[in-house]
Amino acid sequence: MSLRAIHTVFLLMLLGAARLSAQPVMSLSDALRSRRVQVAIEGLGGYQGRCIRLLVRNLTAEALRVEAGAGLIFDSRDSSVQNLMSTSSELLALQPGQTRQADLFTMCIQSSNAGPAKGEGYSFGGAAEGPLLKLARQIAEGGYQNSTAQSAVWTLTNRESTGFVYGEDTSMVRQLARTLSEATGTPMSQFILTPRPHSITTIRTSFECLTEEALSGAALGLYDSAGRQIRSYFTGRSLEPGFQAWRLGASHTLGASARLFLRLTAGGRVIAERPVLASDTVARLQRYDSEAVLIYEADRDLSGRAGVYDAQGRLYFLLASRFYIPKGLHRSQYLIGKDLPPGQTYYVRVVSGGQVLAETVLDPDARAPQVYPVRRVQGEFAFRQDSVQRGLRLAIYDSKGRLKRILYDIAVLNPGPKRYTYSFEHNEGPGARFYIRLTGPGQLVIREEAIVDK
Numbered sequence: 003m004s005l006r007a008i009h010t011v012f013l014l015m016l017l018g019a020a021r022l023s024a025q026p027v028m029s030l031s032d033a034l035r036s037r038r039v040q041v042a043i044e045g046l047g048g049y050q051g052r053c054i055r056l057l058v059r060n061l062t063a064e065a066l067r068v069e070a071g072a073g074l075i076f077d078s079r080d081s082s083v084q085n086l087m088s089t090s091s092e093l094l095a096l097q098p099g100q101t102r103q104a105d106l107f108t109m110c111i112q113s114s115n116a117g118p119a120k121g122e123g124y125s126f127g128g129a130a131e132g133p134l135l136k137l138a139r140q141i142a143e144g145g146y147q148n149s150t151a152q153s154a155v156w157t158l159t160n161r162e163s164t165g166f167v168y169g170e171d172t173s174m175v176r177q178l179a180r181t182l183s184e185a186t187g188t189p190m191s192q193f194i195l196t197p198r199p200h201s202i203t204t205i206r207t208s209f210e211c212l213t214e215e216a217l218s219g220a221a222l223g224l225y226d227s228a229g230r231q232i233r234s235y236f237t238g239r240s241l242e243p244g245f246q247a248w249r250l251g252a253s254h255t256l257g258a259s260a261r262l263f264l265r266l267t268a269g270g271r272v273i274a275e276r277p278v279l280a281s282d283t284v285a286r287l288q289r290y291d292s293e294a295v296l297i298y299e300a301d302r303d304l305s306g307r308a309g310v311y312d313a314q315g316r317l318y319f320l321l322a323s324r325f326y327i328p329k330g331l332h333r334s335q336y337l338i339g340k341d342l343p344p345g346q347t348y349y350v351r352v353v354s355g356g357q358v359l360a361e362t363v364l365d366p367d368a369r370a371p372q373v374y375p376v377r378r379v380q381g382e383f384a385f386r387q388d389s390v391q392r393g394l395r396l397a398i399y400d401s402k403g404r405l406k407r408i409l410y411d412i413a414v415l416n417p418g419p420k421r422y423t424y425s426f427e428h429n430e431g432p433g434a435r436f437y438i439r440l441t442g443p444g445q446l447v448i449r450e451e452a453i454v455d456k
């Protein structure tokens, strides 16, 4: 390449850079709202530090300058995992069609939730406002990417005690305290400005228990060894009887050796509690996605309930409560989707007055059933009867031979041509196969015809 050509290329590069620098800066929120950019968000793990990665793509035919500023909110796609807020600012210069990466400093705004793992799914949740936005910008401008600043964010979002906010850099603490004082109405005199080392013990844990009765006004909290509540996860909640499980964050500034307890209470009673250790992890549960079909007969009108039970008869999940069971034959279908402790056998049962009317084992390896819109099938079942028969039943069965609907109980069937109409509903989708069967004593199949819903 000649010297003139090199000079020309260099001039073109300078002109392109000049045109790009002349572009006005727009916020990432505005760029997304006007559909000028597309953003992919990836969680890098953790909640403090560079924990969010943005891949920003320019969708326009012009150069853009986009600022991913402090105070952007990122919502976790898992409701039990912490939402994050950016506490740094990145300016991205984007040529048409170009994609650039920005790894943002973040802090958690939900101390009661579990810490994010690497690869956690996040979506853009808008921007902070008011004191929280001011605090995020203050952290970014001061470079306060540390545990003291994180505790200041939690103090604001949780309305916690200002005693959580202290540090070795008293100038930083003073700056953060001014914002918190204005936002919470706490006098500056209550902030600790004496230099002290600050650290957060981060605990990702969970709480599981069985409740034998329905609870109202239930509360879950984190307590120290003196019985003082450090964090509230929820209050005034109604809980059905059965297996309860929550993924939680139990981060604190009391030191790794602090003795803490998770406690579920209701009506002044402690329903369940357990100690919390710095080494805690989230308990492993097994997902059960299955369909259970129970067929049973009631000899009189009853009131019953259906649920998932263990081998000792303890209720883990309530499917239906106090439903009416009229005298006669019944077919109940339940779709199960529940996380349960592994290593046990569970049963789907219909129970009335302590008596098990029907049960089936819950299969841990079953595939999640496909649920289709309800379809109606109608038709005729015609045949010629050659002899007198007694005590017959005409019914619809599914492809697995399970009773779906009783059409007629026939005391006496005389000889001659017969024609019966049938109608039933199902949610097994087009192409589902069923059978209409005429059975005698002992469920002997006398006649059968396949029904395919096309």
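Going from the sequence shown to the working numbering is simple: count from 1 and add 2. All residues carry an ideal CB built from backbone N, CA and C; glycine is no exception. In this text, all values refer to a predicted model and were calculated from it rather than measured experimentally.
Asked	Found
Continuous alpha helix (DSSP H) stretch holding S173: start and end	172 to 186
Cutoff 7 Å; reference P199; Cβ partners in own chain excluding five residues on either side	E170
Q246 to C211 span [Cα, whole Å]	5 Å
Where T150 sits in the DSSP three-state scheme	helix
Buried/exposed call for G330, threshold 16 Cβ in 10 Å	exposed
Limits of the beta strand (DSSP E) - the one that E451 falls within	447 to 454
Start-end ranges of the beta strand (DSSP E) lying completely within the stretch 63 to 107, minimum 3 residues	66 to 70, 74 to 78, 86 to 88, 92 to 96
Per DSSP, the bridge partner or partners of R392	V414
Backbone CA spacing between L158 and G145 [nearest angstrom]	19 Å
D291 versus F319: straight-line alpha-carbon distance, rounded	13 Å
Straight-line gap, C53 to T347 (C-alpha atoms, nearest Å)	40 Å
Bridge-paired residues (DSSP) for F245	L212
Nearest-angstrom beta carbon gap, S91 and A70 [assumed within contact, 8 Å]	7 Å
V155, DSSP secondary structure in three states	helix
Reference T164; option with closest CA among A397, F193, L287	F193
Y326 versus S334 - alpha carbon distance	12 Å
S114, buried or exposed, once every other Cβ within 10 Å from all chains shown has been counted against 16	buried
Beta carbon of L137 nearer than 8 Å to that of T207	no
Of the listed residues G47, V352, L56, L266, nearest to F126 (C-alpha basis)	L56
Through-space distance from Q40 to L241, alpha-carbon basis	41 Å
Q84 versus V167, P98, C110, residue with shortest Cα-Cα distance	C110
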